[in-house]
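> Taking the working numbering, the leading residue of the sequence shown gets 98, the next gets one more, and so forth.
Beta carbons are placed, not taken as given, at the ideal position from N, Cα and C, and that holds for glycine.
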Amino acid sequence: MMVSEKELIKAAQIAREQAYVPYSHFAVGAVLLTQTGQIYTGCNIENSSFSLTNCAERTAMFKAISAGERDFANLTVIADTADPVSPCGACRQVLAEFCAPDMPVILTNLHGAVQHTTVAELLPYAFKGEQMSDGQ
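#1: Tell me the rounded alpha-carbon separation between E143 and N206.
#2: What beta strand (DSSP E) runs, 3 residues minimum, are completely inside the region 150-230?
#3: Find the nearest neighbour of V128 within the set Y120, S145 and I106, judged by alpha-carbon distance.
#4: For L149, which residues in the same chain have their Cβ closer than 6 Å to its Cβ, ignoring the five residues on either side in sequence?
#5: Quick check on A210: buried or exposed, where buried means 16 or more other Cβ atoms within 10 Å of its Cβ?
#6: Quick one: measure Cβ to Cβ for E154 and L172, integer angstroms, because I've assumed they're closer than 8 Å.
#7: From Q190 to Q132, what distance separates their C-alpha atoms?
#8: Which of the three DSSP states, helix, strand or coil, is assigned to A127?
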């Protein structure tokens, strides 16, 4: 099943409406598309202890991972920003862990601006698990 960019952006808009953002009032929506056409949505969820806040991108990713998904085709992110919104550093590292470097990422905003990028372009020197020594 082919999912269009327009459908992904609409799904991200709908996900954004579920955001819990009583502190920043900065709602973000994300859609993670798997290689099999499954869609996982996410929104940002704030907490008064700010370090416990979870971004929309990681919410979608963790939902997919917890459902057993491992093969991803696209991430779409939307917010009410002047330019297309981009994932934070923590989200970029999570994307680098679970997604192919060439996986497409659609960055957009509520005003119709769209920017296409990839996981590798978002985090060109990502830390990878294989870089860790096993201590021997």
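This is what the structure gives:
#1: Cα-Cα distance, rounded: 20 Å.
#2: 169-176, 201-206 and 211-215
#3: For V128, the closest alpha carbon among the candidates Y120, S145 and I106 is that of I106.
#4: none
#5: exposed
#6: About 7 Å separates the two Cβ atoms, so the contact holds.
#7: 20 Å
#8: strand
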